[in-house]
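According to mature numbering (1 follows the signal peptide of the UniProt record, and there is no 0), the stretch in the sequence shown is residues -22 to -1, 1 to 325, in order.
We put the beta carbon where it would ideally sit given N, CA and C, even for glycine.
Structure, as structure tokens:
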Amino acid sequence: MAFALMAAVAGTALLDAPAPTAAPPPTTAAPAPGAPAPTASGSTVSAASAASTLVHFTGKAFDTCEAPSVETMRAWRGSPYGAVGIYFGGRGRGCPGQRELNPGWVSSVQAMGWRLLPVFVGSQAPCVEAPAKKPFAIGSDPWGQGTREAGDAVRAARALGLGTSSPLYLDIEAYRRGDAQCAATTLSFVRAWNREVRRLGYLPGFYSSADTGVRDVEAQRRAGTADLPAVMWFARWLGKPALATEPTLAPAAWTPHARIHQYAGNVTESYGGHRLVIDRNAVDAPVARLTTARAGSSSAEPASAPATSSTDPSLSFSSLPLSSSSTVRSSASPSVHSAVSRAPARP
């Protein structure tokens, strides 16, 4: 996201966009997220996680390059934010060190009432605009590379104690518009990543600029392409939230409860004497679930998410087993609730 530009500067020349060498599966074999019935909605999960729950958050979230300290997170409970984006993996992260981010941090901030939006910053479009991201360009086998990096993402999520059915948001930074070969390479990588994340029982989300990655993925949704993200996180810095009115997205696309709008970036805020440079987000989307067993254990199962109270009385949390196409809505705004939908099995 925006913080990658602040974290490093690289002078690597723009890499030529290679043509995909591994042919992906047919592009019309599965329903597209957000399309009208009988296609799947944006909130879908694989059969592997069908017995789990999806926990959705509606409200404000912030993200920042490096996970803040537990003390800062405690101080920020007095802020208008109820969720936080965490950069949990990927070779393209602007702040790869993440000194604070570990299973203890995750469980501590969750216990405070925070909800987590896990972001994976892996390989980037060959025509990515940010100089600092050009060394991480997708290579000559985008499908294979996307599959491998999805495995990396799931392993990193498990190591932090993030349970199955948690969303994992793939961060693809803004890239040059009008480069068809670059867009095709990038979409092949993204689709492979989505497919493997689903196969491993997690929910694939997608973050990008509204005018590049989001626009291209929406075009694929309209075309009926398979293996698209279940949740759309679009960046358009309007200064105010516009979840339902993003012009690049059809009104019904990635609904219900499957959108995040990053509406401001690189702003400084301070609460309880702790100052951070953040991006601001409006959220109506899934958030992470923790496992009951020790992080990293292969036997860990997703913990249920009982009703939880936040320090902000306008926030509430609930979850529901994923077993039908019903939706639980909260009258409070902002709120956290659980929306459920039966998803078709993905190959």
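Chain-order list of residues whose beta-carbon lies under 6 Å from that of residue i (same chain, five-residue window excluded)
i: N259; result: A39, I238, Q240
i: R71; result: Y65, V99
i: A131; result: G67, F98, L146
i: D205; result: R169, N172, R173
i: G75; result: none
i: L148; result: F98, W171, F184
i: S186; result: I150, V192
Simplified DSSP assignment, three categories, for residue i
i: N259; result: strand
i: N80; result: coil
i: P113; result: helix
i: V23; result: Caution applies to V23, whose pLDDT of 31 falls short of 50 and renders its modelled position unreliable; the model cannot decide the point.
i: S186; result: strand
i: L268; result: strand
i: M210; result: strand
i: V48; result: helix
i: V97; result: strand
i: A204; result: coil
i: A61; result: strand
i: L165; result: helix
i: G67; result: strand
i: R199; result: helix
i: R155; result: coil
i: A15; result: Reliability fails at A15, whose pLDDT of 29 lies under 50, so the model's placement of it is uncertain and the value that follows must be treated cautiously. Note: A15 maps to coil in three-state DSSP.
N-terminal and C-terminal residue of the beta strand (DSSP E) that residue i is part of
i: E107; result: Unbroken run through E107: none, as it is neither H nor E.
i: D149; result: 145 to 149
i: S248; result: 237 to 249
i: D41; result: 33 to 41
i: G129; result: Counting along the chain, G129 falls outside any beta strand (DSSP E), though it belongs to the alpha helix (DSSP H) covering 120 to 138.
Supposed close pair residue i, residue j - CB separation, criterion 8 Å
i: A266; j: S144; result: 4 Å
i: V62; j: L95; result: 7 Å
i: R93; j: F184; result: That belief does not hold up - the Cβ atoms of R93 and F184 are roughly 19 Å apart, past 8 Å.
i: V195; j: A263; result: 15 Å between Cβ atoms; not a contact.
i: G141; j: V84; result: So it is not a contact: roughly 11 Å between Cβ atoms.
i: R199; j: A231; result: 6 Å
i: M(-22); j: D257; result: 6 Å
Within-7 Å CB hit, residue i to chain C
i: N244; result: Within the model displayed, chain C is absent; a lone protein chain is all it includes.
Same chain, Cβ closer than 7 Å to residue i, five either side skipped, listed in chain order
i: K218; result: Y241
i: Q123; result: S101, I116, G117, F167
i: R154; result: C105, E107, C160
Close-in-space but distant-in-sequence residues of the same chain around residue i (CB under 8 Å, 5 per side omitted)
i: V48; result: E78, W83, S86, V87
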